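The next block holds one structure in the form of structure tokens; read it before the comments.
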Amino acid sequence: MENPFLNAQKQLENVAEYLDISSDILEILKVPQAVLEVNIPVRMDGGEIRVFRGFRSQHNNALGPYKGGIRFHPNVTKEEVMALSMWMSWKCAVAGIPFGGGKGGVAVNPKELSEGELERLSRGYARAICPLIGPEVDVPAPDVGTNGKIMNWMMEEVGGLATFTGKSVEKGGSLGREQATGRGGVCVLHALLAKQISNFKFQISNCRVAVQGFGNVGYWFAKLAQGAGFEIMAISDSKGGIVGDLRNMESVREWKEKSGSVVGFRGTKTITNEELLELDCDVLVPAALENAITRDNADKIKAKIIIEMANGPITPEADEILNKKGILVVPDILANSGGVTVSSFEWEQNRRGEKWPESTVNNKLEEKITGAFEEVWKTKEDKKVDLRLAAYILAVDKVVKAM
Ligand code: NAD
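Given below as structure tokens:
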């Protein structure tokens with residue numbers, strides 16, 4: 001398994017070459033400002049205690065309070081959380097929202113816990129990181145394996161409406177937050193196609209999209225892209241992928257909820273996740289976990305455009321291979337910034353005691369993410385670099401100036 005933190009540090013070093021950053025500043029940015037490691041005892045339904053390991057990493061707060069999700073996944077490690085917190089610093093800077101970068105996680109498979117165990121773990125984690133968080137300090141949100149219900153429990157446990165975002169709407173969450181990451185990704189795809197770059201001139205109606213991952217991000221990207229006229233040719237989850245009749249995304253979701261996977265949905269053929277990534281499609285959307293595309297499979301990718309909806313789905317070595325193949329990659333810190341953007345709207349609404357209509361949230365999101373895309377695009381043209389480097393140059397420069 002590649003170490004995502006080393007990848008994140010390598011990306012930062014690459015960017016530093018394009019910016020006039022002192023070695024002192026670079027040293028500071030290469031590591032999080034703080035990392036908390038906690039051990040959370042949870043009384044299991046059988047009566048015994050199990051201790052779960054959790055982390056909260058705070059990378060940089062020059063632009064505002066730390067902001068970033070909490071991941072519940074068996075493979076969570078300190079290094080992963082540290083990498084994700086650094087990416088959050090760049091993402092918030094690119095998105096143009098007043099936040100720095102943070103991230104949290106617990107090494108656990110939430111699917112193996114009962115509802116009660118999950119609640120006790122969530123509340124225990126919130127209590128453990130409580131001294132480090134707050135509306136002006138660090139504002140967590142959902143990520144892989146967590147959701148609005150878990151944010152509600154955490155918020156109840158430590159108090160402060162604006163301490164967590166991604167809460168359910170009844171508990172102070174923002175309308176449009178659930179769909180926001182996927183919606184932002186679709187806005188970015190539209191903005192990219194509007195550039196009419198040679199080799200990438202697609203008609204939306206015959207632009208074939210393959211989506212890896214069918215959680216919050218993958219589902220909403222697929223559903224909203226389909227609604228906008230794109231053809232979704234394949235989707236997958238951790239158990240495998242499917243190709244075939246995917247015209248009714250809601251039914252696929254219902255099937256997954258019932259059966260535990262998208263695999264076996266009527267009118268479709270099963271494929272592996274490897275096969276999905278290597279499909280002959282126009283747009284590939286990795287929306288699962290990091291390191292989906294590595295030096296082992298990068299050469300086999302046939303898509304012309306990759307929209308990185310997951311965080312860190314392409315390793316730096318794979319990135320080089322894709323670049324040489326002429327594949328256009330929209331980097332995670334831009335492509336999936338819709339979620340944190342609407343999280344920042346939620347924080348704003350909570351603090352002002354307001355509730356914005358969904359149309360207001362969606363319009364503001366579209367304006368913000370399209371503006372971010374145009375800024376990154378301009379940097380790419382000015383500096384003659386790829387989109388990832390452009391996004392990083394822009395982001396790191398903003399953070400360094402704020403420091
Ligand atoms: P989620 O837990 O809702 O869904 C994850 C999905 O990925 C599930 O369908 C799961 O089955 C699938 N998956 C896991 N391992 C897989 C594998 N090896 N191959 C194929 N599929 C696999 O998580 P999410 O919130 O949708 O997050 C997905 C990615 O997007 C993560 O990288 C996350 O950090 C990133 N992200 C999420 C948000 C957000 O708002 N939720 C915002 C920005 C970025």
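At position 367 of the sequence shown the residue is numbered 367 (the working numbering), and the sequence of numbers has no breaks.
Beta carbons are placed, not taken as given, at the ideal position from N, Cα and C, and that holds for glycine.
Values in this document were obtained by computation on a predicted structure and should not be read as measured data.
Item                                                                                                                                                                : Value
Determine the DSSP secondary structure at L404, reduced to helix, strand or coil.                                                                                   : Outside the modelled stretch of the chain, which goes from 1 to 403, sits residue 404, for which no answer is possible.
Any heavy atom of ligand 1 closer than 7 Å to the CB of M404?                                                                                                       : Past the edges of the chain, shown from 1 to 403, lies residue 404, and the structure says nothing about it.
Expressed to the nearest angstrom, what Euclidean distance is found between the alpha-carbon atoms of V42 and A228?                                                 : 45 Å
Just tell me which of F72, E354 and E317 has its CA closest to the CA of P110.                                                                                      : F72
Cβ of V217 versus every heavy atom of ligand 1: is any distance shorter than 7 Å?                                                                                   : yes
Measuring only the C-alpha atoms, how far is Q33 from H59?                                                                                                          : 5 Å
Mind checking whether A288 and Q212 have CB atoms under 8 Å apart?                                                                                                  : yes
With a threshold of 7 Å on Cβ separation, who are the neighbours of V188 within its own chain once the five nearest residues in sequence on each side are excluded? : I307, V330, L334, A335, I369 and F373
Do V405 and D282 have their C-beta atoms closer together than 8 Å?                                                                                                  : Since the first residue of the chain shown is 1 and the last is 403, residue 405 is not available in this structure.
Indicate, with yes or no, if ligand 1 has a heavy atom lying under 7 Å from the CB of P142.                                                                         : yes
Helix or strand or just coil, what does DSSP make of D237?                                                                                                          : strand
Near G159, what residues of its chain come up, given a Cβ to Cβ distance below 8 Å and the 5 sequence neighbours on each side ignored?                              : none
Relative to the C-alpha of G105, which residue among N14, K149 and R53 is closest?                                                                                  : R53
Restricting to Cα atoms, I'd like to know which of S236, K304 and E320 is closest to D280.                                                                          : K304
What is the rounded straight-line gap between the Cα of D299 and the Cα of L322?                                                                                    : 7 Å
Tell me D138's beta-bridge partners as DSSP assigns them.                                                                                                           : Y66 and G134
For N199, is the classification buried or exposed, using 16 other Cβ atoms within 10 angstroms of its Cβ as the cut-off for buried?                                 : exposed
If we ignore side chains and look at the alpha-carbon of each, how far apart do R50 and M154 end up?                                                                : 19 Å
Using 8 Å as the threshold, is the stretch 240 to 247 in touch with the stretch 341 to 354, meaning 3 or more CB pairs across them?                                 : no
When you compare only the Cα positions, how much space is there between S89 and A8?                                                                                 : 11 Å
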